[in-house]
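Each protein sequence line maps, in turn, to chains A and B.
Numbering that gives the first Met the number 0 applies: residue 0 is where the first sequence begins, and numbers increase by one.
Numbering that gives the first Met the number 0 applies: residue 0 is where the second sequence begins, and numbers increase by one.
2 protein chains.
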Amino acid sequence: MSPIRARRPKRGEGEGHCYRELRRALLEGRLVPGQRLVETELVRMFGVGRAAVRTALARLEQEGVVERALNRGARVRLLTEEEAVEILEARAALECLAVRYAALRARAEDVQVLREILRESAECARTGDLLGYSERNGRFHQELTRISGHATVARLLDSLRTQMVRYQYRTVMAPGRVERSLQEHRAIVTAVASRDPDAAEAAMRVHVGGVLEALRHVARRTAAAAVP
Amino acid sequence: MSPIRARRPKRGEGEGHCYRELRRALLEGRLVPGQRLVETELVRMFGVGRAAVRTALARLEQEGVVERALNRGARVRLLTEEEAVEILEARAALECLAVRYAALRARAEDVQVLREILRESAECARTGDLLGYSERNGRFHQELTRISGHATVARLLDSLRTQMVRYQYRTVMAPGRVERSLQEHRAIVTAVASRDPDAAEAAMRVHVGGVLEALRHVARRTAAAAVP
DNA sequence: CGGGGCATGATTGTTCACAATAAAGTTGAC
DNA sequence: GTCAACTTTATTGTGAACAATCATGCCCCG
Numbered sequence: 000m001s002p003i004r005a006r007r008p009k010r011g012e013g014e015g016h017c018y019r020e021l022r023r024a025l026l027e028g029r030l031v032p033g034q035r036l037v038e039t040e041l042v043r044m045f046g047v048g049r050a051a052v053r054t055a056l057a058r059l060e061q062e063g064v065v066e067r068a069l070n071r072g073a074r075v076r077l078l079t080e081e082e083a084v085e086i087l088e089a090r091a092a093l094e095c096l097a098v099r100y101a102a103l104r105a106r107a108e109d110v111q112v113l114r115e116i117l118r119e120s121a122e123c124a125r126t127g128d129l130l131g132y133s134e135r136n137g138r139f140h141q142e143l144t145r146i147s148g149h150a151t152v153a154r155l156l157d158s159l160r161t162q163m164v165r166y167q168y169r170t171v172m173a174p175g176r177v178e179r180s181l182q183e184h185r186a187i188v189t190a191v192a193s194r195d196p197d198a199a200e201a202a203m204r205v206h207v208g209g210v211l212e213a214l215r216h217v218a219r220r221t222a223a224a225a226v227p
Numbered sequence: 000m001s002p003i004r005a006r007r008p009k010r011g012e013g014e015g016h017c018y019r020e021l022r023r024a025l026l027e028g029r030l031v032p033g034q035r036l037v038e039t040e041l042v043r044m045f046g047v048g049r050a051a052v053r054t055a056l057a058r059l060e061q062e063g064v065v066e067r068a069l070n071r072g073a074r075v076r077l078l079t080e081e082e083a084v085e086i087l088e089a090r091a092a093l094e095c096l097a098v099r100y101a102a103l104r105a106r107a108e109d110v111q112v113l114r115e116i117l118r119e120s121a122e123c124a125r126t127g128d129l130l131g132y133s134e135r136n137g138r139f140h141q142e143l144t145r146i147s148g149h150a151t152v153a154r155l156l157d158s159l160r161t162q163m164v165r166y167q168y169r170t171v172m173a174p175g176r177v178e179r180s181l182q183e184h185r186a187i188v189t190a191v192a193s194r195d196p197d198a199a200e201a202a203m204r205v206h207v208g209g210v211l212e213a214l215r216h217v218a219r220r221t222a223a224a225a226v227p
């Protein structure tokens with residue numbers, strides 16, 4: 000597919016390299032759900048051995064991003080609407096926990112970073128740059144989990160966010176969703192800045208509730224379009 | 000180590016077989032944290048190829064049960080007290096979500112199963128069978144997630160519970176913990192039986208709060224014992 | 001014209017051998 | 001006796017070949 004490949008990775012970093020590259024390709028949308036992942040192709044793409052590709056795929060399967068059928072290879076997992084809702088619900092529960100820790104542990108510079116992302120988000124919202132907003136949205140949540148310092152929740156959230164990649168930017172498409180999302184983000188930052196874990200969790204709960212509603216709305220619209 | 004091995008698995012089930020067996024050995028305490036997992040030994044133990052062992056280890060690493068260092072192989076991951084607390088917190092958040100769904104979706108027979116586990120737990124508590132109680136405790140939570148019908152949360156909880164295996168039965172050792180745990184379980188079943196998600200979540204929150212406190216207590220005692 | 005069986009190709013699961021690396025053990029000098 | 005450099009050994013990472021399985025296309029028969 001893409002004959003351009005990075006330099007041949009050294010011994011020992013083959014599997015990790017393949018894993019990270021596959022993950023990035025997924026996040027950047029270069030791999031669409033349902034797409035087959037043929038091992039020999041990945042070998043050519045990443046310049047690693049088949050064993051490395053194989054274990055990387057096993058890891059991605061464990062993570063829930065890829066599904067493998069016996070003797071039939073791996074493909075990018077396709078989420079049903081129910082699964083997307085489930086993942087978002089799990090994310091919600093964990094993001095609430097994370098933001099609580101973030102409020103407890105945020106340093107002044109962390110709040111500065113959040114405010115900067117907020118500023119960029121507002122700019123994107125003003126100019127109608129939905130893709131840019133979606134990217135800032137991702138960065139916002141990622142930054143919050145980083146600030147939380149909660150390694151376990153961070154790991155779980157990272158995995159869940161990767162799985163949601165296909166729906167991520169579709170949820171902000173709902174009319175008026177961007178403005179509400181931005182407001183909700185502001186509320187979260189305010190709570191974190193004042194080191195109030197309860198308020199932070201409450202604000203996050205409102206936010207993820209809004210995202211869930213948006214997702215359900217998008218899903219309904221998609222379903223309606225599919226049955227004319 | 001254990002030369003007794005199950006029948007040679009057929010083609011295609013090597014990796015899965017190895018993964019499940021390793022996982023079971025971990026849960027049954029036959030593998031202790033810090034223990035090295037030499038690939039050739041596992042090959043002999045499970046009668047599968049080294050490639051299968053390799054990918055199984057990769058999956059277990061992704062799951063957080065095993066850690067691997069470059070060129071130095073895999074070993075059962077050893078949890079610090081902080082990590083144990085983190086995992087328990089993540090579990091708490093997800094168990095609350097799961098029990099909410101369980102309350103919404105429980106059928107009459109599901110409640111019967113829970114009541115039966117409760118009965119057995121009470122018997123164990125009465126006779127002072129801590130190990131038996133710990134096992135019923137595990138079954139109780141597992142059953143709740145099954146009833147929830149929430150596949151995503153079930154998967155995450157399963158993974159987190161596996162990681163906690165070393166601390167699981169130590170938390171119930173705290174004096175008086177068994178009785179409180181049993182009462183809390185009863186409250187959860189009552190809420191689920193009356194299909195009240197809010198009450199179920201609240202009861203679960205109390206329960207996991209108690210477990211967390213017990214863990215912190217045990218950890219403190221262990222730390223005190225380590226520094227005489 | 002349609003469908004079942006059969007060859008064919010593509011792709012995966014597995015095995016083996018080999019190179020690379022880190023840990024342990026050994027030797028030797030000071 | 002101790003420490004450093006070297007050797008040995010155990011174990012992992014990797015590559016290539018082989019076998020098993022699935023998908024595809026074809027042919028022959030009805």
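Beta carbons are placed, not taken as given, at the ideal position from N, Cα and C, and that holds for glycine.
This structure is a prediction, so every number in the text was calculated from the model and none was measured.
What residues of chain A sit near B:His149, judged by a beta carbon separation below 9 Å?
Translated into positions along the second sequence, residue 149 of chain B becomes position 150. Ordered by position in chain A, the residues that pass the 9 Å Cβ test against B:His149 are Glu85, Glu88, Ala89.
Please classify B:Ala107: does DSSP put it in a helix, a strand, or coil?
Here residue 107 of chain B refers to the residue found at position 108 of the second sequence. In this structure, B:Ala107 counts as helix in the three-state DSSP scheme.
Under 8 Å, do B:Gly13 and B:Val42 count as touching if we go by C-beta distance?
Position 14 of the second sequence, counted from the first residue, corresponds to residue 13 of chain B. Position 43 of the second sequence, counted from the first residue, corresponds to residue 42 of chain B. Taking 8 Å as the Cβ cut-off, B:Gly13 and B:Val42 do not qualify as a contacting pair.
Got a sec? Which residues, its chain only, sit under 7 Å from B:Gly15 by beta carbon, not counting five neighbours each side?
As a first step, residue 15 of chain B must be located in the second sequence, where it is residue number 16. Within the same chain, B:Gly15 has no close Cβ partners at all.
Rounding to the nearest angstrom, what Cα-Cα distance links B:Glu66 and B:Leu77 in this structure?
As a first step, residue 66 of chain B must be located in the second sequence, where it is residue number 67. As a first step, residue 77 of chain B must be located in the second sequence, where it is residue number 78. Near 9 Å, if we compare the C-alpha coordinates of B:Leu77 and B:Glu66.
Going along the chain, which residues of the region 47 to 74 of chain B sit with their C-beta nearer than 9 Å to a C-beta in chain A?
Listed in sequence order: Ala50, Arg53, Thr54, Ala55, Leu56, Ala57, Arg58, Leu59, Glu60, Gln61, Glu62, Gly63, Leu69, Asn70.
Note down, in chain order, every chain A residue with its Cβ under 7 Å from the Cβ of B:Gly209.
Reading the second sequence from its first residue, position 210 is the one you call residue 209 of chain B. Those within 7 Å of B:Gly209 in chain A number zero; the least Cβ separation is about 18 Å.
Closest Cβ-Cβ distance between B:Ala92 and chain A: below 8 Å?
Position 93 of the second sequence, counting from 1, holds the residue named residue 92 of chain B. B:Ala92 counts as touching chain A.
How is B:Glu66 classed by DSSP in three states: helix, strand or coil?
Along the second sequence, one-based indexing puts residue 66 of chain B at 67. Of the three classes helix, strand and coil, the one that applies to B:Glu66 here is strand, per DSSP.
Alpha carbons only, please: which of B:Ala50, B:Glu200, B:Arg176 is nearest the one belonging to B:Asn136?
Here residue 136 of chain B corresponds to residue number 137 of the second sequence, with the count starting at 1. When only C-alpha atoms are compared, the closest one is B:Arg176.
In angstroms, rounded to a whole number, what distance separates the CA positions of A:Ala83 and B:Thr126?
Here the question's residue 83 of chain A lines up with position 84 in the first sequence. Here the question's residue 126 of chain B lines up with position 127 in the second sequence. Cα to Cα, A:Ala83 sits roughly 46 Å from B:Thr126.
Does the region 68 to 77 of chain A come into contact with the region 91 to 104 of chain A, if we say contact requires no fewer than three beta-carbon pairs (one atom in each stretch) closer than 8 Å?
At 8 Å Cβ cutoff, the stretches do not touch.
Look at the alpha carbon of A:Ser193 and the alpha carbon of A:Leu155, and state the distance between them as a whole number of angstroms.
Working through the first sequence from its first residue, we reach residue 193 of chain A at position 194. Working through the first sequence from its first residue, we reach residue 155 of chain A at position 156. Their backbone Cα atoms lie some 26 Å apart in a straight line.
By alpha-carbon positions, which one of B:Arg138, B:Leu36, B:Gly209 ends up nearest to B:Gln178?
The residue you call residue 178 of chain B lines up with position 179 of the second sequence. First, the amino acid is wrong: residue 178 of chain B is Glu here, not Gln. Out of B:Arg138, B:Leu36, B:Gly209, B:Gly209 has the C-alpha closest to the C-alpha of B:Glu178.
In the structure shown, what three-state DSSP assignment does B:Ala97 receive?
Translated into positions along the second sequence, residue 97 of chain B becomes position 98. B:Ala97 falls in the helix class under three-state DSSP.
Indicate whether at least one CB of chain B lies closer than 8 Å to the CB of A:Leu36.
Position 37 of the first sequence, counting from 1, holds the residue named residue 36 of chain A. Closer than 8 Å: no.
Residues of chain A with CB under 9 Å from B:Gly13, in chain order?
Translated into the one-based positions of the second sequence, residue 13 of chain B becomes position 14. Within chain A, no residue comes near B:Gly13; the closest Cβ sits about 11 Å away, beyond 9 Å.
Where does the unbroken beta strand (DSSP E) through A:Ala186 begin, and where does it stop?
Working through the first sequence from its first residue, we reach residue 186 of chain A at position 187. That residue, A:Ala186, is in no beta strand (DSSP E); its alpha helix (DSSP H) goes 176 to 192.
Under 8 Å Cβ-Cβ, which residues of chain A neighbour B:Cys95?
Within the second sequence, numbered from 1, the residue matching residue 95 of chain B stands at position 96. In chain order: Ala92.
Sorted by chain position, which residues of the same chain lie with C-beta nearer than 8 Å to A:Leu159's C-beta, five sequence neighbours on each side aside?
The residue labelled residue 159 of chain A in the question sits at position 160 within the first sequence. So the list reads Ile86, Ala89, Arg90, Leu93, once near-sequence residues are dropped.
Select from A:Arg29, A:Arg19, A:Arg7, A:Leu113 the residue whose C-alpha is nearest the C-alpha of A:Ala190.
In the first sequence, the residue the question calls residue 190 of chain A occupies position 191. Closest by alpha carbon: A:Leu113.
Can you give me the Cβ contacts of B:Ile3 inside the same chain, cut-off strictly under 8 Å, excluding the 5 residues immediately before and after it?
The count along the second sequence starts at 1 and reaches residue 3 of chain B at position 4. A caution first: B:Ile3 carries a pLDDT of 44, below 50, which makes its placement in the model too unreliable to give a value.
Look at the alpha carbon of B:Ala199 and the alpha carbon of B:Leu96, and state the distance between them as a whole number of angstroms.
On the second sequence, residue 199 of chain B is found 200 positions in, with the first residue counted as 1. On the second sequence, residue 96 of chain B is found 97 positions in, with the first residue counted as 1. Near 10 Å, if we compare the C-alpha coordinates of B:Leu96 and B:Ala199.
Starting from B:Arg138, trace the alpha helix (DSSP H) in both directions and tell me its first and last residue.
Within the second sequence, residue 138 of chain B is the residue found at index 139, counting from 1. Its alpha helix (DSSP H) spans residues 129 to 147.
Starting from A:Gly13 and walking both ways along the alpha helix (DSSP H), at which residues does that stretch end?
In the first sequence, residue 13 of chain A corresponds to position 14, counting from 1. Where A:Gly13 is concerned, the enclosing alpha helix (DSSP H) stretches over 13 to 26.
Residues of chain B with CB under 8 Å from A:Glu82, in chain order?
Stepping through the first sequence from its first residue, residue 82 of chain A is reached at position 83. Under the 8 Å cutoff, chain B gives Ala150, Thr151.
Classify B:Val47 as helix, strand or coil using the three-state DSSP reduction.
Stepping through the second sequence from its first residue, residue 47 of chain B is reached at position 48. Looking at B:Val47 - three-state DSSP - the assignment turns out to be coil, as it is neither helix nor strand.
Straight-line CA distance for A:Pro8 to B:Arg185?
Position 9 of the first sequence holds residue 8 of chain A. Position 186 of the second sequence holds residue 185 of chain B. Approximately 56 Å, taken between the alpha carbons.
Where does B:Gly72 sit, in a helix, a strand or coil, going by DSSP?
The residue labelled residue 72 of chain B in the question sits at position 73 within the second sequence. Strand.
Spell out the partners DSSP gives A:Arg154 in its beta bridges.
For the purposes of this step, residue 154 of chain A is taken as residue 155 along the first sequence, with counting starting at 1. Partner(s): none; A:Arg154 has no beta bridge.
With distances taken from CA atoms, which of B:Asp109, B:Leu181, B:Glu119 is nearest B:Ile146?
As a working mapping, residue 146 of chain B is identified with position 147 in the second sequence. Checked all of B:Asp109, B:Leu181, B:Glu119; the closest Cα to B:Ile146 is B:Asp109.
Taking C-beta pairs closer than 9 Å, name the residues in chain A that B:Leu155 reaches, listed in chain order.
Numbered from 1 along the second sequence, position 156 holds the residue referred to as residue 155 of chain B. Ala89, Leu93, Leu155, Ser158, Leu159, listed in chain order.
Closest to B:Leu21 by C-alpha separation, out of B:Glu119, B:Ser133, B:Thr161, would be which residue?
Reading the second sequence from its first residue, position 22 is the one you call residue 21 of chain B. If we check each option's Cα against that of B:Leu21, B:Thr161 comes out closest.
Going by DSSP in three states, B:Arg35 sits in which element: helix, strand or coil?
Taking the first residue of the second sequence as 1, we reach residue 35 of chain B at position 36. Strand.
Leaving out five residues before and five after A:Ala202 in sequence, what residues of the same chain have Cβ atoms less than 6 Å from its Cβ?
Counting from one through the first sequence, the residue named residue 202 of chain A turns up at place 203. Correct list, in chain order: Ala186, Ile187, Ala190.
Nearest to A:Arg215 by CA position, among A:Gly63, A:Glu80, A:Leu26, A:Glu119, is which residue?
Residue numbering aside, residue 215 of chain A sits at position 216 when the first sequence is read from its first letter. For the residues A:Gly63, A:Glu80, A:Leu26, A:Glu119, the minimum Cα distance to A:Arg215 belongs to A:Glu80.
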